[in-house]
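Protein chains in written order, with the numbering used here: chain P, 28 to 183; chain A, 36 to 534.
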């Protein structure tokens, strides 16, 4: 079993807001990045692991690997990161793991529109979020711990 | 105070806030209270006092960090200007000026949000222009428009704010209320709270002991001001490892182009910083000399390539520069856009996370503390030294990153990670930090208490440790900073009435 301290959607995965923002406020044993592309890119995979903060173990998993890992016996406090809400949606459909998802950063793309300061969504992403909410998951926008949580329901 | 002086204060606010045109050094210097206080002092005819007030206020902002468009504390630059102006005009002790300057600086957060939103508009227009084939539109919308509006708004808002505070304090001082006494008491407790917040934020096993020991040490003994900084510097100095890998030779790209690109990047990373793209537009801007070289007169190809680089991007601007060098190398090799995009997106977060925990977390606080300590003790060489080390680190790390990224590609990026994991300054930082901050706070408190007409200076300085313990304990119990800050402002009244 794993205790999910924070599950977050962030374009940039592990970056300053994680290392000097969140990790100063929360305690985790491992950071789990769920990203197929990153997993298969040997260089970036290696860099991500090497750059991970001291005393914290970083793993890069595919969706299925994450579910297997989540269900193994070892207890750990974890931080879960993915680039898209869709990843969490896919997991949640297989097994209801998350109670709460944090939207950290989603920058603008050609087909997206701005819903909040640092959050831009396209239709697919919006659908994923709606589906997550339907599957019993609260979705909040919160860039760093010092910001207030904003419930996405009020915005989209 | 003449109208002209308020306008000049507004301009200082612009300079500190812009951080553009300074090769990235401005963010670590001019944006900080100790420097904005000094500039204000120069304008108002008392540089030494302005510098000192800025230094005291800066103690409160040592932990200041901003990551990817997040700003949670007040605006440090504004705090320095307001505090320094009040102290110089009304003869209020530095610590009293802090009491006024801190809440005023919170107004800066509103300006910041507004600025990032306005920049969103400029970025959109800039990219539109670029897509229509106008390369100059990048320069227009990355430099001219955002900087011009920032100049106008900050000058007006900063000047007006300074004027309002100037008037309010003038009125308060003309009443019978013992306002200065209140400001001083509150300020002294604020610094103690600042010390406790910084201790908690840099907590390790012996934080509390180290703080207390060095605080007491500094209250009773006169230590040479250069001793601690020199020891820290000596421990931190490390030989630079050479990357053992064949160096790529310049092909199409010339070294000159890398310098040009670096120059644009360093000056304008945050010139048009917006929520949607963050440094994305600045990245595109920095690629102009590169694509002009690669595609020569083929304007269509230049525009097409630049548009590819307008995507969302954000990293630590100094440590993260091997990304730029590496991308330039890949562009020169005409690698697939998809591959380049993947590398860029994959690396920006990694370098940001690691970079922020070096520059903003370690280098900047240490060098700023040297400047503060120099200002407090009147040892200006120490202050200049601190500022120069910071400036040199920014230039060296960013330029070396640019070149190494091009020469060595992936090796350069791995080297940066090793650099931060292996550097002694990062490793010993918690110890350095606590020793420095307790020394500075002891020094600042001795100075502040002496303005209170207390007979037993050392006793009073020691009794402040009681407040420190209480704050430390409460913060450890997860009481919020904000609650304690408000309590201190109320506590000031109690102290004022009962003494």
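Beta carbons: idealized from backbone N, C-alpha and C, even for Gly. Note that the coordinates shown come from a computational prediction; the quantities given were computed from them, not determined experimentally.
Leaving out five residues on either side along the sequence, give the residues of the same chain with a beta carbon under 7 Å from the beta carbon of residue i.
| i | result |
| --- | --- |
| residue 487 of chain A | 219 |
| residue 125 of chain P | 31, 34, 115, 119, 164 |
| residue 536 of chain A | The structure shown does not extend to residue 536 of chain A, since chain A is modelled only from 36 through 534, so no value can be given for it. |
| residue 121 of chain P | 94 |
| residue 94 of chain A | 226, 229, 407, 475, 476, 479 |
| residue 108 of chain A | 96, 99 |
| residue 215 of chain A | 127, 131 |
| residue 452 of chain A | 389 |
| residue 325 of chain A | 288, 292, 296, 363, 366 |
| residue 309 of chain A | 151, 154, 155, 158 |
| residue 97 of chain P | 29, 124 |
Just checking: is the beta-carbon of residue i within a distance shorter than 7 Å of some beta-carbon in chain A?
| i | result |
| --- | --- |
| residue 144 of chain P | yes |
| residue 169 of chain P | no |
| residue 135 of chain P | yes |
| residue 57 of chain P | no |
| residue 35 of chain P | no |
| residue 82 of chain P | no |
| residue 109 of chain P | no |
| residue 147 of chain P | yes |
| residue 74 of chain P | yes |
| residue 70 of chain P | yes |
| residue 54 of chain P | no |
| residue 77 of chain P | yes |
Does any residue of chain P bring its CB to less than 7 Å from the CB of residue i?
| i | result |
| --- | --- |
| residue 388 of chain A | yes |
| residue 383 of chain A | yes |
| residue 102 of chain A | yes |
| residue 347 of chain A | yes |
| residue 452 of chain A | yes |
Checking 7 Å against the spacing of the C-beta atoms, do residue i and residue j come in under that value?
| i | j | result |
| --- | --- | --- |
| residue 379 of chain A | residue 362 of chain A | yes |
| residue 479 of chain A | residue 226 of chain A | yes |
| residue 429 of chain A | residue 61 of chain A | no |
| residue 55 of chain P | residue 95 of chain P | no |
| residue 72 of chain A | residue 101 of chain A | no |
| residue 516 of chain A | residue 266 of chain A | no |
| residue 384 of chain A | residue 41 of chain P | yes |
| residue 433 of chain A | residue 353 of chain A | yes |
| residue 79 of chain A | residue 123 of chain A | yes |
| residue 419 of chain A | residue 168 of chain A | no |
| residue 465 of chain A | residue 239 of chain A | yes |
| residue 37 of chain P | residue 148 of chain P | no |
| residue 116 of chain A | residue 48 of chain A | yes |
| residue 446 of chain A | residue 288 of chain A | no |
| residue 113 of chain P | residue 155 of chain P | yes |
| residue 36 of chain A | residue 201 of chain A | yes |
| residue 260 of chain A | residue 414 of chain A | yes |
| residue 392 of chain A | residue 46 of chain P | yes |
| residue 50 of chain P | residue 80 of chain P | yes |
| residue 146 of chain A | residue 425 of chain A | no |
| residue 28 of chain P | residue 140 of chain P | no |
So, for residue i: in the same chain, excluding its five sequence neighbours on each side, which residues have a beta-carbon less than 6 Å away from its beta-carbon?
| i | result |
| --- | --- |
| residue 180 of chain A | 157 |
| residue 472 of chain A | 233 |
| residue 421 of chain A | 402, 405, 406 |
| residue 299 of chain A | 320, 321 |
Using C-beta distances below 8 Å, list every residue in its chain close to residue i, excluding the 5 sequence neighbours before and after it, in chain order.
| i | result |
| --- | --- |
| residue 75 of chain P | 40, 41, 60, 65, 85, 87 |
| residue 82 of chain A | 73, 76 |
| residue 411 of chain A | 87, 90, 91, 475, 478, 479, 482 |
| residue 65 of chain A | 50, 51, 54, 57, 71, 74, 112 |
| residue 185 of chain A | 49, 52, 53, 150 |
Please list, in chain order, the chain A residues whose beta carbon lies closer than 9 Å to that of residue i.
| i | result |
| --- | --- |
| residue 47 of chain P | 100, 102, 388, 391, 392, 395, 396 |
| residue 40 of chain P | 381, 384, 385, 388 |
| residue 113 of chain P | Here the premise fails: no neighbours, minimum Cβ distance about 16 Å. |
Any heavy atom of the ligand ADP closer than 6 Å to the CB of residue i?
| i | result |
| --- | --- |
| residue 196 of chain A | In terms of ligand content, the structure shown is empty, and the ligand ADP therefore cannot be addressed. |
Residues of chain P with CB under 8 Å from residue i, in chain order?
| i | result |
| --- | --- |
| residue 351 of chain A | 43 |
| residue 236 of chain A | 51 |
I want to verify the contact list: residues of chain A whose CB lies under 8 Å from the CB of residue i, in sequence order.
| i | result |
| --- | --- |
| residue 154 of chain P | Neighbours of residue 154 of chain P on chain A: none; closest Cβ ~21 Å, over 8 Å. |
Output, in chain order, the set of chain A residues within a Cβ distance shorter than 7 Å of residue i.
| i | result |
| --- | --- |
| residue 141 of chain P | 311 |
| residue 106 of chain P | Ordered by position in chain A, no residue passes the 7 Å Cβ test against residue 106 of chain P, which lies about 12 Å from the chain. |
Near-chain P residues of the segment 426-450 of chain A (beta-carbon distance less than 8 Å), N- to C-terminal order: 445, 448, 449
For the segment 301-316 of chain A, list every residue whose C-beta sits within 8 Å of some C-beta in chain P, in sequence order. 310, 311, 312, 313, 315
Listed in chain order, which residues of the segment 351-372 of chain A have Cβ atoms closer than 7 Å to some Cβ of chain P? 351
Closer than 8 Å, Cβ to Cβ, to anything on chain P: give me those residues from the segment 404-420 of chain A, in chain order. none
With 8 Å as the limit, tell me which residues of the segment 153-183 of chain A have their beta carbon closer than that to any beta carbon of chain P; keep them in chain order. 155
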